[in-house]
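Read through the structure below, which is laid out as structure tokens, and then see the notes.
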Amino acid sequence: MLHYFPTSITLLLVVLNGIPISDADEAEKAASKVPLPSVCENDDPLGMISGSIADWQITASSTYPASWVKGCSEGNARLFRPNGLAWCAKFKSSSEWLQIDLGVRAL
Numbered sequence: 001m002l003h004y005f006p007t008s009i010t011l012l013l014v015v016l017n018g019i020p021i022s023d024a025d026e027a028e029k030a031a032s033k034v035p036l037p038s039v040c041e042n043d044d045p046l047g048m049i050s051g052s053i054a055d056w057q058i059t060a061s062s063t064y065p066a067s068w069v070k071g072c073s074e075g076n077a078r079l080f081r082p083n084g085l086a087w088c089a090k091f092k093s094s095s096e097w098l099q100i101d102l103g104v105r106a107l
């Protein structure tokens, strides 16, 4: 399964059927050929707010080192953190990303 992301997110790499496609134009062409459901099959929350998604399921492109700023780990990349903490990317760049492992194998 290939997921299409809104244009506000920079596409860095698409893996289609186990083959990485690094060229953005080729990735866009490949993504346009994958049928997407017109209606979301499940509109329940994913678990980022409730904590159902564990910290180990969240990966980031980079994180501020703890020696620079405390509390910037990927695990803090959630809405409405009661402690006010948040994920902080190490670099101010549009190529920073978060990846959430939903526990489902996708091709």
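All residue numbers for the sequence shown refer to full-length UniProt numbering, where the first residue is 1 and numbers rise by one.
Backbone N, C-alpha and C fix where the C-beta goes; we use that ideal spot for every residue, glycine too.
| query | result |
| --- | --- |
| One or two residues paired with threonine 59 in a DSSP bridge | Gln99 |
| Within 7 Å, strictly: CB atoms of glutamate 74 and isoleucine 58 | yes |
| Three-state secondary structure assigned by DSSP to asparagine 76 | helix |
| Rounded separation between lysine 92 and leucine 85 - CA only | 18 Å |
| Reference residue 111, options Ser52, Ala89, Leu98, closest by Cα | Shown here, the chain extends from 1 to 107; a query on residue 111 therefore has no answer. |
| Distance between asparagine 42 and threonine 63 (C-alpha atoms, nearest Å) | 31 Å |
| When Trp56, Ser52, Ser61 are compared against leucine 98, the one with the closest alpha-carbon | Ser61 |
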